[in-house]
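In order, the protein sequences belong to chains A and B. The opening residue of the first sequence carries number 1 in our numbering; numbering runs sequentially from there. The opening residue of the second sequence carries number 1001 in our numbering; numbering runs sequentially from there. No residue lacks a Cβ here, since even glycine has one placed at the ideal position from N, Cα and C. Structure first, commentary second.
Protein chains: 2
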Amino acid sequence: MISKSDIFHNLHQQVRFITKEVNELLKQYHLYSSQWTILYCLDQFGPMKQTDIWKYLNVEAPTTTRTLVRMEKSNWITRIEGSDKRERIVQLTPEAEERLPFIKESIQKLEESLLSQLSTEEQTEFYYLLKRIGVKKGERPHV
Amino acid sequence: MISKSDIFHNLHQQVRFITKEVNELLKQYHLYSSQWTILYCLDQFGPMKQTDIWKYLNVEAPTTTRTLVRMEKSNWITRIEGSDKRERIVQLTPEAEERLPFIKESIQKLEESLLSQLSTEEQTEFYYLLKRIGVKKGERPHV
DNA sequence: TGCAATTATTTACCCAGGTAAATAAAATGA
DNA sequence: TCATTTTATTTACCTGGGTAAATAATTGCA
C-alpha cells in the first residue's frame, strides 16, 4: 500500500525533475521553461491579451507580467496597446517566429523521451488519473 | 489521443494547485509547504545533518539552508554543531514536537480529500506510472 | 452627466526552486 | 608534516509561483 504522502512527495519531485530537464534543454536558446510555455501559447493562438494568457495558463496576473517583461527585453515578444487602453496585446517577434520550429522540435523530442517508458494507453490512463486528483465529489475539475 | 504537452502542462498545474492548497492549510500554523516537508522528515528520522535532509528530499543544499534559516527564526528547529565542525545537526524544538501531531492530522485529511476520487488501486497505479516518467531504458529512476 | 464599481495591469514583497562561487573544516597522501 | 583535495555549508543572484495593494481605463447606472 502506497502512502498518500509518498504520492504527493513523488509528484512534487517529478515535476521539479522535469522542469530542470526542460530548462537544461532550453538553455541553448536562452529561454526558460515558463517563457517557453508562453511562446507555445502564442504560437497556438496568435496574438493574445495578457489576461487571456494568464487565464489560459492558470497562473496569476503578476507572474505573467514579470515573465513577459523579461521576454520583451530578450526580444521574444512585443506588447502593444489595445483599443481598450488598459489591455496589452502580446505577440511574437519575427525572430521568435523564426526560431520557434526548432525549439518545438527539441521539446517534442524531450517529451517523447520522458514518456518513452509509458505506452499510449498508459499515458492516457495517467492523464485521467492526474486530472481526478484534487477534485471533490460533484465538483468540476479546476483545470 | 492525449498530447504529451497536455500531460506535462497538467502535471505542472496540478502540482501548483496542490501546493497552493497545502499552503492555505498550513497558514493557520504559520508554516509553508517546504517547511512542512522538512518537519515531516525530522519527525520520521529524528535529528539529521543538513546534508542528509537535502539528499533525502532531492533538492540542492542552498535551498535547504535558506528554509532552515527561516525555520530557526520561527522556532521550529535548532541547528547544533556536529563533532565534525563543518556539519550542522538539525532537530525539532519542543514547541514543534508539541504541535506536530495536529499539523500531521490536518495534512492527512487534506491528502485524503485530494485523493478521494481515486481508489486505492488507482492510487497505486498512478504512483507507478508517475515513477516511470523520465526514466530512460535501462536507467534507474532518479527518485 | 458624473460618480461608483469593475477590469487590466503593475508594483512590492513573500516563499521555493536552481547555479556558481566562496569559506571553512576534514581527509588524503607524497 | 603540510599542501592538496574533498566535503558541508553559505552567499549572491537567477527564474517562477503566490498575495495585497496601487493605478489607470472602462462600464454601469442613478
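Beta carbon of residue i nearer than 9 Å to that of residue j
i         : j         : result
Thr1067/B : Ile1038/B : yes
Leu1114/B : Glu1021/B : yes
Leu156/A  : Leu1129/B : What the structure shows of chain A is the stretch from 1 to 143, and residue 156/A is not part of that stretch, so it cannot be assessed.
Thr1065/B : Gln1044/B : no
Ser1106/B : Gln1028/B : yes
Glu125/A  : Glu1125/B : yes
Gln123/A  : Ile1103/B : no
Interface residues of chain A facing residue i [CB-CB closer than 8 Å]
i         : result
Phe1102/B : By Cβ distance, chain A contributes nothing, its closest Cβ being about 16 Å from Phe1102/B, past 8 Å.
Whole-Å CB distance - residue i paired with residue j, under 8 Å assumed
i         : j         : result
Gly1011/B : Val15/A   : For clarity, residue 1011/B is Leu in the given sequence; the question names Gly instead. Right, the Cβ-Cβ distance comes to about 6 Å (below 8 Å), so this counts as a contact.
Glu1072/B : Thr1078/B : 7 Å
Val1090/B : Leu1031/B : Not really, about 16 Å apart at Cβ, beyond 8 Å.
Ile1002/B : Tyr127/A  : 5 Å
Arg1088/B : Glu1081/B : 6 Å
Gln1117/B : Arg132/A  : 4 Å
Glu95/A   : Asn75/A   : 6 Å
Chain-ordered chain A contacts of residue i [CB-CB under 7 Å]
i         : result
Thr1124/B : Ile2
Glu1111/B : Lys4, Ser5, Phe8
Cβ-heavy atom distance, residue i to the ligand PLP, below 8 Å
i         : result
Thr1051/B : Only the bare structure without any ligand can be found here, which leaves the ligand PLP out of the picture.
Identified DSSP bridge partners for residue i
i       : result
Val90/A : Met48/A, Arg79/A
Amino acids of chain B, ordered along the chain, whose beta-carbon sits closer than 7 Å to that of residue i
i        : result
His12/A  : Val1015
Gly46/A  : Per Cβ cutoff of 7 Å: no residues; Gly46/A is ~18 Å from chain B at best.
Arg132/A : Gln1117, Leu1118
Asn58/A  : Gln1013
Leu114/A : Ile1133, Gly1134
Residue i - DSSP class collapsed to helix/strand/coil
i         : result
Asn58/A   : coil
Val135/A  : coil
Ile2/A    : coil
Tyr1040/B : helix
Ser106/A  : helix
Gln117/A  : coil
Leu1100/B : helix
Leu33/A   : Just to set this straight, residue 33/A is Ser in the shown sequence, not Leu. Helix at Ser33/A.
Lys1020/B : helix
Lys27/A   : helix
Lys1073/B : helix
Partner residues on chain B for residue i, Cβ-Cβ distance less than 9 Å
i       : result
Lys85/A : Near Lys85/A there are no residues of chain B at all, since even the closest Cβ is about 32 Å away, more than 9 Å.
Ile18/A : Phe1008, Leu1011, His1012, Ile1133, Gly1134
Interface partners of residue i on chain B, CB under 8 Å
i        : result
Leu129/A : Leu1118, Glu1122, Glu1125, Phe1126, Leu1129
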